[in-house]
Amino acid sequence: MNEKKIIKKARKGDQEAFGQLYDKYISGIYRFVFFRINDKSETEDLTQQVFLKAWQNVSSFKIKKEAKFSSWLYRIAKNLIIDYYRTAKDHINIDDIKYDQQFAISYKLEEKIDNLTKFKQVKKSLTILTEDEQDVIIMKFVEEFSNEEIAQALDKSRGAVRVTQHRALKKIKCFFQESESKNK
Amino acid sequence: MLKEKEIIEGLKILKKIEPEPDFVKNTRHLVLTVKPHIQFAPIWVAGFALAAIILAIVSSKTFFAVKQPAISSSFNENSLAEEFNEMSINLQIEEITYSQNIHNTIASALTEISDYRTNHMNTSVLEAEQKYINNKLEVVNDNEEIDALLNRVIF
């Protein structure tokens, strides 16, 4: 069944249909929140809120040719992250997080990853980016979204997404160059 | 030196980060137990509102129709036709009666006017009566005995 039909069913309150959407997007939303919050329990809490809010308001999602459900879901996630930082009394700075805590979630998976150093470096490279740049890079290269989907989710034009993407990649490139030169 | 393609490949490694299966399972269960807010499309809302208005108008008409038989009968085509026929016949009868009365009144008035034998309408009789009254008054005014009596009473 294609996604539009599933969304139509979900909008009518079909639990099974929304369950399918949940299964499809849970990992992506989790990663998106995790890269911004950098705390496992807070990430789980916010991810749960994203899907709860989406399920409660799924009937308000308008099925149009251009409108993407993924974009709508990521926009909910983004707004909840903004609210989180607005209300959290003391949020954690990624630089202050110890390695074990930061990567606790992927500890088992890390063993499977051949290039652990590269993984750590890539994760760290995201910290030098602005929030918008992080969102664009994660959505584009980790979640493999189209520019149209990213534009909808972040409420930007496709041109703005391309520019942000270009700047972010340039920053990451510089970060790796500096790391290489330090290692030498 | 790191190329853009290598950076992008490096970024894809981050996809290996996954939520714990227990969390996924529990959250799925928790989310789906909550009831969603089902919103009706605006066109449906407008439709329901219109239907409610029509229902209110029809029911109010029916309510008033109970008190006024003429209105209730207006819903029935046959009774409406009957009512109309009866109404026109009654009107015609009333009109005929009215014009008959008028004709009678006019006719009797004309008869009285044209009839010379009628005393109170005869002009010569009226003139004679007027002359008689005038003469009487003159007679009364010229009476010397009355004057003498009046003088005696007053002085």
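Chains as they are written, first to last, in this note's numbering: chain A, 933 to 1116; chain B, 3 to 157. Cβ atoms here follow ideal geometry from the backbone N, Cα and C, with glycine treated the same way.
Annotated as proximal: residue 34 of chain B and residue 951 of chain A, with beta-carbon spacing under 8 Å. In the three-state reduction of the DSSP assignment, residue 946 of chain A falls in the coil class, being assigned neither a helical nor a strand state.
The region 973 to 983 of chain A makes no contact with the region 1059 to 1079 of chain A; the number of CB pairs closer than 8 Å stays below 3.
Residue 20 of chain B sits in coil when the DSSP states are folded into three classes, being neither helix nor strand.
In the DSSP annotation of this structure, residue 1062 of chain A is not part of any alpha helix (DSSP H), being labelled neither H nor E. Following the DSSP letters along the chain, one finds residue 147 of chain B inside the alpha helix (DSSP H) bounded by residues 146 to 156. Contact between the region 953 to 963 of chain A and the region 982 to 995 of chain A is present: 3 or more CB-CB pairs across the two stretches fall below 8 Å. At a cut-off of 8 Å between beta carbons, residue 1055 of chain A contacts chain B. Per DSSP, the continuous alpha helix (DSSP H) segment holding residue 115 of chain B begins and ends at 79 to 116. Within the region 7 to 29 of chain B, those residues whose Cβ lies closer than 8 Å to any Cβ of chain A are, in chain order, 9, 10, 12, 13, 14, 15, 16, 17, 18, 19, 20, 21, 22, 25, 26 and 29.
CA-to-CA, the gap between residue 937 of chain A and residue 1098 of chain A works out to about 36 Å. With fewer than 16 neighbouring CB atoms inside 10 Å of its own CB, residue 49 of chain B falls in the exposed class. For residue 970 of chain A, the number of other beta carbons within 10 angstroms of its own is at least 16, and it is reported as buried. Rounded to the nearest angstrom, the gap between the Cα atoms of residue 974 of chain A and residue 1110 of chain A is 32 Å.
Nearest CB-CB separation between residue 987 of chain A and chain B: below the 8 Å threshold. Bounds of the alpha helix (DSSP H) holding residue 982 of chain A are 972 to 988. Under the three-state reduction of DSSP output, residue 1074 of chain A falls in the helix class. Residues of chain B whose Cβ lies closer than 9 Å to the Cβ of residue 950 of chain A are, in chain order, 33, 34 and 38. The beta carbon of residue 962 of chain A falls within 8 Å of a beta carbon belonging to chain B, placing the residue at that interface. Cα atoms of residue 1080 of chain A and residue 1074 of chain A: separation of roughly 16 Å, rounded to the nearest angstrom.
Taking 8 Å as the Cβ-Cβ cut-off, the region 1078 to 1103 of chain A approaches chain B at 1101, given in chain order. In summary, residue 1049 of chain A is exposed, with fewer than 16 beta-carbon neighbours lying within 10 Å of its beta-carbon over all protein chains present.
If you look at residue 1108 of chain A, you'll find it in the alpha helix (DSSP H) that goes 1090 to 1115. Between residue 966 of chain A and residue 10 of chain B, the gap from beta carbon to beta carbon reaches 8 Å or more. DSSP places residue 39 of chain B outside both helix and strand once states are collapsed to three, so it counts as coil. Straight-line spacing of the CA atoms in residue 1009 of chain A and residue 57 of chain B works out to 45 Å. Residue 1087 of chain A carries a coil assignment under DSSP once its states are collapsed to helix, strand and coil.
In the three-state reduction of the DSSP assignment, residue 993 of chain A falls in the coil class.
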